[in-house]
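These protein sequences, in sequence, are chains A and B. Just so you know, the working numbering puts 65 at position 65 of the first sequence, and the rest follows in order with no gaps. Just so you know, the working numbering puts 66 at position 66 of the second sequence, and the rest follows in order with no gaps. Glycine is no exception: its CB is placed at the ideal position from the N, C-alpha and C atoms. All values reported here derive from a predicted model rather than from experimental measurement.
Protein chains: 2
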Amino acid sequence: MAKTLLRALAGEAVWPPPVWLMRQAGRYLPEYRATRAQAGGFIELCTTPALAREVTLQPLRRFGFDAAILFSDILLLPWALGQELRYAEGEGPLLQPIRDAAGLRALRPQAVATAIGPVLEVLRGLRVEVGGATLIGFAGAPFTVACYMVQGRGSKEWDQVRRMAWSDPALFTALIDLLTEQTIAYFCAQIEAGAEAVMLFDSWAGVLAPSLFRRHVIVPTARIVAAVRARHPQVPVIGFARQAGLMLAEFVGSTGVQGVGIDTSTDPGFAVREVPGLVAIQGNLDPLALAAGGAAMLRETDAILAAMRGRPFIFNLGHGIMPQTPLEHVAALVARVRAA
Amino acid sequence: MAKTLLRALAGEAVWPPPVWLMRQAGRYLPEYRATRAQAGGFIELCTTPALAREVTLQPLRRFGFDAAILFSDILLLPWALGQELRYAEGEGPLLQPIRDAAGLRALRPQAVATAIGPVLEVLRGLRVEVGGATLIGFAGAPFTVACYMVQGRGSKEWDQVRRMAWSDPALFTALIDLLTEQTIAYFCAQIEAGAEAVMLFDSWAGVLAPSLFRRHVIVPTARIVAAVRARHPQVPVIGFARQAGLMLAEFVGSTGVQGVGIDTSTDPGFAVREVPGLVAIQGNLDPLALAAGGAAMLRETDAILAAMRGRPFIFNLGHGIMPQTPLEHVAALVARVRAA
Chain A
1 MAKTLLRALA GEAVWPPPVW LMRQAGRYLP EYRATRAQAG GFIELCTTPA LAREVTLQPL
61 RRFGFDAAIL FSDILLLPWA LGQELRYAEG EGPLLQPIRD AAGLRALRPQ AVATAIGPVL
121 EVLRGLRVEV GGATLIGFAG APFTVACYMV QGRGSKEWDQ VRRMAWSDPA LFTALIDLLT
181 EQTIAYFCAQ IEAGAEAVML FDSWAGVLAP SLFRRHVIVP TARIVAAVRA RHPQVPVIGF
241 ARQAGLMLAE FVGSTGVQGV GIDTSTDPGF AVREVPGLVA IQGNLDPLAL AAGGAAMLRE
301 TDAILAAMRG RPFIFNLGHG IMPQTPLEHV AALVARVRAA
Chain B
1 MAKTLLRALA GEAVWPPPVW LMRQAGRYLP EYRATRAQAG GFIELCTTPA LAREVTLQPL
61 RRFGFDAAIL FSDILLLPWA LGQELRYAEG EGPLLQPIRD AAGLRALRPQ AVATAIGPVL
121 EVLRGLRVEV GGATLIGFAG APFTVACYMV QGRGSKEWDQ VRRMAWSDPA LFTALIDLLT
181 EQTIAYFCAQ IEAGAEAVML FDSWAGVLAP SLFRRHVIVP TARIVAAVRA RHPQVPVIGF
241 ARQAGLMLAE FVGSTGVQGV GIDTSTDPGF AVREVPGLVA IQGNLDPLAL AAGGAAMLRE
301 TDAILAAMRG RPFIFNLGHG IMPQTPLEHV AALVARVRAA
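Laid out in structure tokens, this is it:
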């Protein structure tokens with residue numbers, strides 16, 4: 001097992017640490033924008049294997065990252081389940097919201113396998129091309145995916161979602177359970193198509209009260225980790241419950257993840273104290289520090305590296321890279337991490 | 001010192017605990033909507049003493065809360081400093097953003113005293129009318145106010161703000177310093193007009209990396225607490241750094257606040273372990289649990305009360321009450337807390 005990222009996820013304190021960036025295939029890259037323009041919509045880009053493969057590989061060619069993550073979207077599963085989805089310019093995703101049992105019943109789990117076929121095709125084509133980098137599979141976590149499915153669009157507060165979780169726990173849990181089962185199958189299919197690790201993105205976990213966090217973030221994540229590991233014991237799972245730093249130790253301890261993403265607001269020293277020494281930590285430079293560049297970026301990078309030295313660690317951002325990030329800042333960051 | 005809220009802020013484990021709700025003067029109340037319709041805009045409502053007094057008192061009349069908080073807006077200070085501000089329907093506040101030193105110089109600190117005159121008039125009229133409730137003064141914290149001043153509008157990520165904090169720390173710190181000085185003067189004027197406690201709202205503190213949190217949340221809050229307490233040693237300060245639960249112990253320890261708000265995502269048991277026993281904790285029912293009502297709301301309320309029993313505590317929400325909240329849910333909540 002020579003790949004640095006897999007060694008870190010197996011509990012080894014690889015140094016200098018492997019490095020990749022969330023949303024590294026994104027709008028800050030001119031070659032991404034060019035390929036993006038060739039696809040019709042965003043879902044088309046994710047489901048056209050040649051184009052999705054191309055954008056997945058672009059950041060590796062330019063910066064030599066230690067991982068490539070499947071180019072996809074957390075809403076691919078609702079789309080595959082038949083929920084109406086469109087991307088409005090400047091507004092983000094818009095879905096026909098699910099607010100009752102009839103909305104839930106209208107989903108078509110039997111349609112998923114066909115719909116995700118092209119996504120698995122993306123991975124099959126990538127396995128060899130990533131070379132020494134690790135190919136990571138991708139899915140939104142059940143709670144975050146449910147957020148969009150219930151609210152119908154992005155939100156700061158996710159009021160419809162949280163209200164349903166409190167007032168109709170049976171319905172909301174049924175949706176979470178459906179997404180949990182689908183995510184297990186989706187991850188297993190990704191692994192069978194070539195993914196060497198998988199990462200679960202729970203971008204909105206931080207809005208939940210602790211009792212709902214346990215029920216709708218920790219429980220589904222634990223089920224996904226257990227089921228994926230039962231079928232593929234050698235494939236590590238990275239969990240990322242953004243803005244849920246307070247629950248970090250409980251999240252790691254109760255889910256059994258092999259790696260845990262930490263967001264921008266999490267103090268690296270706190271994470272080192274809270275996370276068991278064999279679980280890899282992944283994070284957490286502020287994407288705006290990277291956009292700003294210069295001395296402040298290097299100082300923050302050095303502080304993160306100093307806190308993480310001697311434990312399994314994967315350098316990353318605390319959230320996705322911003323579109324306005326200058327390319328030379330990314331190059332300077334990678335050089336700094338490699339010189340650690 | 002007979003008022004329950006002031007006793008809790010003095011370190012006493014008052015039981016049943018005092019109770020009030022963030023944004024208790026708000027759109028969920030029909031009488032608020034009626035008064036709101038009489039004012040032209042939102043700033044007009046805040047600066048017309050008879051109307052601002054009326055909406056401040058409405059929730060006390062209906063629910064007998066233990067505190068009234070000055071009806072105001074965190075953007076009152078930028079407005080008083082002369083920054084162009086309007087409220088667009090469905091979009092929230094829009095300001096002429098400050099992006100450089102010229103923008104900062106264009107602010108007019110000398111205009112603030114006159115502009116806030118009507119706000120102080122609101123407090124003078126309220127002091128007697130609140131009866132046994134505690135009259136709390138209100139201000140946005142420097143970082144959160146700066147967020148709107150730099151970004152120019154609401155945001156999930158506050159990318160312009162964080163980028164300025166990293167790339168031009170001198171400019172951003174100058175803005176924070178200006179707001180810190182103004183907030184000290186504003187709080188002291190509020191106290192001299194009748195406020196018996198003051199609360200500082202840092203709604204967006206949770207987006208910051210720890211090093212920026214220390215510089216732009218903890219340092220200004222500590223300065224405000226020290227300066228206010230130097231002039232008014234008997235007046236307690238409540239700090240509320242929303243979504244910054246990881247920094248809770250450091251925030252409390254380094255700022256010297258007498259009370260600390262905790263948001264929805266903070267585990268009450270964690271807060272009890274992290275906050276020194278003489279500092280009052282204020283929070284933290286999920287506003288969506290209140291909107292949902294019923295058994296889940298009562299169960300969550302009971303869990304918070306059980307965690308907080310025996311220490312200084314003020315029952316509140318973890319964030320402002322939602323407009324769609326049924327009035328009978330609020331009444332049921334208050335009854336449950338009073339029966340603790």
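Query                                                                                                                                                                                                                 : Result
Would residue 36 of chain A pass as a contact of residue 27 of chain A if the rule is Cβ separation under 9 angstroms?                                                                                                : yes
What is the DSSP secondary structure of residue 86 of chain B, counted as helix, strand or coil?                                                                                                                      : strand
So within the region 238-271 of chain B, which uninterrupted beta strand (DSSP E) runs reach at least 3 residues, ignoring any that extend past its ends?                                                             : 259-261
When the Cα atoms are used, what is the spatial distance from residue 100 of chain A to residue 160 of chain A?                                                                                                       : 12 angstroms
What does residue 300 of chain B touch in chain A if you count any residue whose Cβ is under 9 angstroms from its own?                                                                                                : 166, 209, 211
Judging by CA-CA distance, which residue of B:129, B:336, B:181 is the nearest neighbour of residue 56 of chain B?                                                                                                    : B:129
Considering only the alpha carbon of each residue, which of B:227, B:266, B:246 lies closest to residue 208 of chain A?                                                                                               : B:266
According to DSSP, residue 93 of chain A sits in a beta bridge with which residue or residues?                                                                                                                        : A:87
What residues of chain B sit near residue 163 of chain A, judged by a beta carbon separation below 7 angstroms?                                                                                                       : 288, 291, 292
Tell me, to the nearest whole angstrom, how far the beta carbon of residue 235 of chain B is from that of residue 260 of chain B; I am working on the premise that it is less than 8 angstroms.                       : Between residue 260 of chain B and residue 235 of chain B the Cβ distance is about 16 angstroms, and since that is not below 8 angstroms, they are no contact.
Quick check on residue 335 of chain A: buried or exposed, where buried means 16 or more other Cβ atoms within 10 Å of its Cβ?                                                                                         : exposed
At least one CB of chain B closer than 9 angstroms to the CB of residue 348 of chain A: is that the case?                                                                                                             : What is shown of chain A runs 1 to 340, which leaves residue 348 of chain A out entirely.
Please state the DSSP three-state secondary structure of residue 134 of chain B.                                                                                                                                      : strand
Please go through the same chain and pick out, in chain order, the residues whose beta-carbon is closer than 7 angstroms to the beta-carbon of residue 307 of chain A, but skip the five residues on each side of it. : 268, 269, 272
Can you tell me whether residue 328 of chain B is buried or exposed, with buried defined as 16 or more other CB within 10 angstroms of its CB?                                                                        : exposed
Measuring CB atoms only, is the region 311-326 of chain B touching the region 185-193 of chain A, in the sense that at least three cross pairs come out at less than 8 angstroms?                                     : no
Strictly under 9 angstroms for the Cβ-Cβ distance: is residue 243 of chain A near chain B by that measure?                                                                                                            : yes
For the region 248-274 of chain A, which residues have a beta carbon sitting closer than 7 angstroms to at least one beta carbon of chain B?                                                                          : 264, 265, 266, 267, 270
Applying a beta-carbon distance threshold of less than 8 angstroms, which residues of chain A neighbour residue 296 of chain B?                                                                                       : 166, 167, 169
Using the rule of at least 16 other Cβ atoms within 10 Å of the residue's Cβ for burial, across every protein chain shown, is residue 114 of chain B buried or exposed?                                               : exposed
Taking residue 156 of chain A as the query, report the chain E residues whose CB atoms sit under 7 angstroms from its CB, ordered along the chain.                                                                    : The structure shown contains no chain E; the protein chains it does contain are A and B.
Rounded C-beta distance between residue 97 of chain B and residue 152 of chain B? I'm assuming under 8 angstroms.                                                                                                     : 3 angstroms
State yes or no: is the beta carbon of residue 306 of chain B nearer than 9 angstroms to at least one beta carbon in chain A?                                                                                         : no
Look up residue 279 of chain B in the DSSP assignment and say whether it is helix, strand or coil.                                                                                                                    : coil
I'd like the ranges of any alpha helix (DSSP H) spanning at least 4 consecutive residues and lying wholly in the region 147-213 of chain A.                                                                           : 159-167, 169-192, 210-213
Give the residues of chain B in contact with residue 322 of chain A, contact being defined as C-beta atoms less than 9 angstroms apart.                                                                               : 157, 159, 163
Which of helix, strand or coil does DSSP assign to residue 347 of chain A?                                                                                                                                            : Outside the displayed range of chain A (1 to 340) lies residue 347 of chain A, so it cannot be described from this structure.
Using the beta-carbon of each residue, which ones in chain A are nearer than 9 angstroms to residue 206 of chain B?                                                                                                   : 206, 243, 265
Would you mind telling me which residues of chain A sit closer than 9 angstroms to residue 246 of chain B, beta carbon to beta carbon, in chain order?                                                                : 245, 246, 248, 265, 266, 267, 270
From this set, B:195, B:238, B:224, B:112, which residue's C-alpha is nearest residue 122 of chain B's C-alpha?                                                                                                       : B:195
Just verifying my parser: in three-state terms, what is the DSSP assignment at residue 339 of chain A?                                                                                                                : coil
What are the boundary residues of the alpha helix (DSSP H) that residue 42 of chain B is part of?                                                                                                                     : 42-46
With respect to the beta strand (DSSP E) encompassing residue 317 of chain A, which residues constitute its N-terminal and C-terminal limits?                                                                         : 313-317
Which residues in the same chain have their Cβ closer than 7 angstroms to the Cβ of residue 206 of chain A, if we skip the five residues on either side of it in sequence?                                            : 242, 243, 244
Helix or strand or just coil, what does DSSP make of residue 293 of chain A?                                                                                                                                          : coil
With H, G and I counted as helix, E and B as strand and the rest as coil, what does DSSP make of residue 331 of chain A?                                                                                              : helix
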